[in-house]
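Be aware that the sequence shown starts at 64, since it is given in the numbering used here, and climbs by one per residue.
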Amino acid sequence: MTESKNASRKRKRSRKPRAPTFIGWSTSDEDEVERRIWRGLTETFEIEALDTEFPHFGDFLVRSASGNEYHVEIRDVSARKNSCSCQDFWNSRLGTCKHIEAVRRRLLGPKRKSLPGDIGQKSRRTELYLDMPGDGRPAVSQASTDEISDRIDRYVRDLAENASSEALRAIQDVARQEPHRLRVSLLIDRWVEESGRLNERSRRRERFLSDVEAGRQSLDVLKFPLYPYQRDGMLHLAFGERTLLADEMGLGKTVQVLAACALLHKSGSANRALVVCPASLKAEWKEQIEAATDHDYRIVSGSRAQRTAQYRDPPLFTIMNYEQILSDLDLVQDVLSPDIVILDEAQRIKNWRTKTASAVKRLRSRFAFVLTGTPIENRIDDLYSIVQFLEPGLLGPLFRFNRDHYELDDKGRPVSVRNLDSLTEKIRPIMLRRRKAEIETDLPGRSFNNFFLEMTEEQRLRYVDEERIVARYV
Numbered sequence: 064m065t066e067s068k069n070a071s072r073k074r075k076r077s078r079k080p081r082a083p084t085f086i087g088w089s090t091s092d093e094d095e096v097e098r099r100i101w102r103g104l105t106e107t108f109e110i111e112a113l114d115t116e117f118p119h120f121g122d123f124l125v126r127s128a129s130g131n132e133y134h135v136e137i138r139d140v141s142a143r144k145n146s147c148s149c150q151d152f153w154n155s156r157l158g159t160c161k162h163i164e165a166v167r168r169r170l171l172g173p174k175r176k177s178l179p180g181d182i183g184q185k186s187r188r189t190e191l192y193l194d195m196p197g198d199g200r201p202a203v204s205q206a207s208t209d210e211i212s213d214r215i216d217r218y219v220r221d222l223a224e225n226a227s228s229e230a231l232r233a234i235q236d237v238a239r240q241e242p243h244r245l246r247v248s249l250l251i252d253r254w255v256e257e258s259g260r261l262n263e264r265s266r267r268r269e270r271f272l273s274d275v276e277a278g279r280q281s282l283d284v285l286k287f288p289l290y291p292y293q294r295d296g297m298l299h300l301a302f303g304e305r306t307l308l309a310d311e312m313g314l315g316k317t318v319q320v321l322a323a324c325a326l327l328h329k330s331g332s333a334n335r336a337l338v339v340c341p342a343s344l345k346a347e348w349k350e351q352i353e354a355a356t357d358h359d360y361r362i363v364s365g366s367r368a369q370r371t372a373q374y375r376d377p378p379l380f381t382i383m384n385y386e387q388i389l390s391d392l393d394l395v396q397d398v399l400s401p402d403i404v405i406l407d408e409a410q411r412i413k414n415w416r417t418k419t420a421s422a423v424k425r426l427r428s429r430f431a432f433v434l435t436g437t438p439i440e441n442r443i444d445d446l447y448s449i450v451q452f453l454e455p456g457l458l459g460p461l462f463r464f465n466r467d468h469y470e471l472d473d474k475g476r477p478v479s480v481r482n483l484d485s486l487t488e489k490i491r492p493i494m495l496r497r498r499k500a501e502i503e504t505d506l507p508g509r510s511f512n513n514f515f516l517e518m519t520e521e522q523r524l525r526y527v528d529e530e531r532i533v534a535r536y537v
């Protein structure tokens, strides 16, 4: 009887918790938090404490089963004030992720809901972090017995209001002097960098146009002049840094991209541009580069050893197809290391579940230009997938995007779209789309030219045969 009870207890302990169930796409933020708690509990992670002085409210390295590593900061086991370097934490704005939940579970143990009383529920240091369940801006969690926040109060206000890198450096200096009293989240650096990058884009464009007006710069960077709308497209790409060009077919998207690359190269901002396109278009890109620029190019082909050599010391343009990214991602990233990534016919990454789309979205570069004449073909989440490559946080997490822009039936399935005006406003900073009817005044009038060519021998013989028949009728 005792053995039977022991076996029963073992079965209960080994039984995996049930996965939370949701109704299709219809989930709340709390549902999504529950999903991450479950994944943190059931998935396999290696967790390493990075600071033995702070074994509970410190920094942790979390390795997933796939080998990826993430930096987790624990500052409160009962509230969502922790941080993780993973993209899901950054995008979801839930204040947690599966990596944080895995660390929390390890600290709390399988049954405990709180840490022992002498440890407390939150860090005893003053903590500067990003308030992700809130507005995503810097926030301070003040230790109840610490007055160090008075020393950094002015800097924190400047940081939160102006994304001031000087204020951040001042706070980090205090943290280095007082590591037992103040900790600054690593994500603050990323927030300041991204905020500063957005502000700098418009300033760079204004400075360039001022230089053009003063004669110090030129808009003529190709072998031929651009039409006015094409110059606008060139500026949108070059100074938007990570943008979507969705002009209708026939308006010269390739030419606008080549002009943007030439402009960035001339200014010293980029020396390596990677063109990713369908295999059938590689020759067309070669022809366009030759016709429009004086820059060299290289088409990637051959065995892996040959391709590896081709990524070294590249010209301005390197051309490869989508399938090659899947096999050569490590080489592209580590050897070629592009400054610009250009995706032509970007519907190839509209389905974010494919291996090719996953590989493409792991490409890293300062500049990224996406070209498509059909940003939305069947579903608005096609557009979401493209925007995820350019600006991952712009449209928020997919679960919230679906909730905001789809009408869902009682089974959580999409039946229609909604709030398209607000979606348009969200993507306006990165997407430029013109139709032929909108820019026809920029285009030259239609011209007709007649060219007379000699017939081939086969054509001449057939012509003579037909000529005899017509002559008899006449």
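Glycine included, every Cβ here is placed at the ideal spot set by N, Cα and C.
What does a CB cutoff of less than 6 Å around residue i pick up in its chain, not counting 5 residues either side in sequence?
| i | result |
| --- | --- |
| Ser-146 | Glu-136, Tyr-192, Ser-248 and Leu-250 |
| Ser-400 | none |
| Ala-301 | Ala-323, Leu-326 and Leu-327 |
Going by beta carbon distance, what residues of the same chain come within less than 7 Å of residue i, once the five residues before and after it are set aside?
| i | result |
| --- | --- |
| Val-398 | Thr-371, Tyr-374 and Arg-375 |
| Asp-194 | Arg-200 and Ala-202 |
| Lys-161 | Arg-99, Arg-102, Gly-103 and Glu-106 |
| Ala-112 | Pro-118, Gly-121 and Phe-123 |
| Glu-488 | none |
| Lys-316 | Leu-308, Asp-310 and Leu-434 |
| Ile-110 | Phe-123, Val-125, Ala-165, Val-166 and Arg-169 |
Residue i to residue j, Cα distance in whole Å?
| i | j | result |
| --- | --- | --- |
| Leu-178 | Thr-419 | 44 Å |
| Pro-173 | Thr-159 | 19 Å |
| Ser-258 | Arg-169 | 34 Å |
| Asp-114 | Arg-476 | 46 Å |
| Tyr-133 | Ser-148 | 6 Å |
| Ile-163 | Ser-265 | 36 Å |
| Met-64 | Phe-464 | Bear in mind that a pLDDT of 49 at Met-64, under 50, signals an unreliable position, so the number given afterwards is only what the model happens to contain. Rounded to the nearest angstrom, the two C-alpha atoms are 55 Å apart. |
| Glu-263 | Glu-353 | 33 Å |
| Met-312 | Thr-504 | 17 Å |
| Asp-310 | Met-297 | 12 Å |
| Leu-171 | Arg-214 | 33 Å |
| Phe-380 | Gln-235 | 40 Å |
| Glu-93 | Ser-227 | 33 Å |
| Thr-306 | Phe-430 | 8 Å |
| Leu-321 | Arg-187 | 55 Å |
| Glu-530 | Ala-346 | 41 Å |
| Asp-359 | Asp-216 | 54 Å |
| Thr-417 | Thr-519 | 49 Å |
| Ala-586 | Ser-510 | Residue 586 lies beyond the stretch modelled for the chain, which goes from 64 to 537, so this question has no answer here. |
| Val-255 | Leu-506 | 42 Å |
| Gln-522 | Tyr-536 | 21 Å |
| Leu-446 | Glu-241 | 47 Å |
Can you give the beta carbon distance from residue i to residue j, rounded, assuming they're within the 8 Å contact cut?
| i | j | result |
| --- | --- | --- |
| Asn-482 | Asp-467 | 6 Å |
| Val-339 | Ile-405 | 7 Å |
| Arg-138 | Ser-204 | 6 Å |
| Arg-246 | Pro-196 | Contact doesn't hold; Cβ gap of about 19 Å is too wide. |
| Thr-189 | Arg-279 | About 49 Å separates the two Cβ atoms, so there is no contact after all. |
| Val-450 | Ile-490 | 6 Å |
Residues bridged to residue i by DSSP?
| i | result |
| --- | --- |
| Phe-382 | Looking at the sequence itself, residue 382 is Ile, so the reference to Phe does not match. Answer is Val-338 and Ile-362. |
| Glu-136 | Asp-122 and Ser-146 |
| Glu-111 | Leu-124 |
| Ile-403 | Ala-336 and Phe-430 |
| Arg-497 | BP columns for Arg-497 are empty, so no partner. |
| Tyr-549 | No answer is possible for residue 549: the residues shown for the chain start at 64 and end at 537. |
| Glu-470 | Ser-479 |
| Ser-155 | According to DSSP, which records beta bridges pairwise, Ser-155 is partnered with nothing at all. |
| Arg-102 | In the DSSP output, where bridge partners are listed per residue, Arg-102 has none listed. |
| Lys-185 | Asp-139 |
| Ser-89 | Ile-86 |
Here's a check: name, in chain order, each residue in its chain whose Cβ is nearer than 8 Å to the Cβ of residue i, leaving out the five neighbours to either side.
| i | result |
| --- | --- |
| Glu-539 | Residue numbering for the chain in the displayed model covers 64 to 537; residue 539 lies beyond these limits and cannot be assessed. |
| Asn-154 | Pro-455, Gly-456, Gly-459 and Pro-460 |
| Val-318 | Leu-285, Leu-289, Gln-293, Gln-351 and Ala-355 |
| Pro-377 | Arg-335, Arg-361 and Leu-399 |
| Gln-150 | Pro-455 |
| Ile-182 | His-119 |
| Asp-252 | Leu-231 |
| Trp-277 | The identity of residue 277 in the sequence shown is Ala, whereas the question assumes Trp. Result list for Ala-277: empty, nothing under 8 Å. |
| Ala-128 | Glu-106, Thr-107 and Phe-108 |
Establish whether the CB of residue i and some CB of chain B are separated by less than 9 Å.
| i | result |
| --- | --- |
| Arg-260 | Considering every chain present, this structure includes no chain B. It has just one protein chain. |
Check your understanding: Can you find at least 3 beta carbon pairs, one from the region 82-95 and one from the region 121-134, that sit closer than 8 Å?
Key -> no
Check your understanding: Do the region 319-329 and the region 505-518 make contact, defined as three or more Cβ pairs closer than 8 Å?
Key -> no
Check your understanding: Is the region 495-506 in contact with the region 518-527, if contact means three or more CB pairs nearer than 8 Å?
Key -> no
Review point. Pairing CB atoms from the region 267-276 with CB atoms from the region 212-220, are three or more of them under 8 Å?
Key: no
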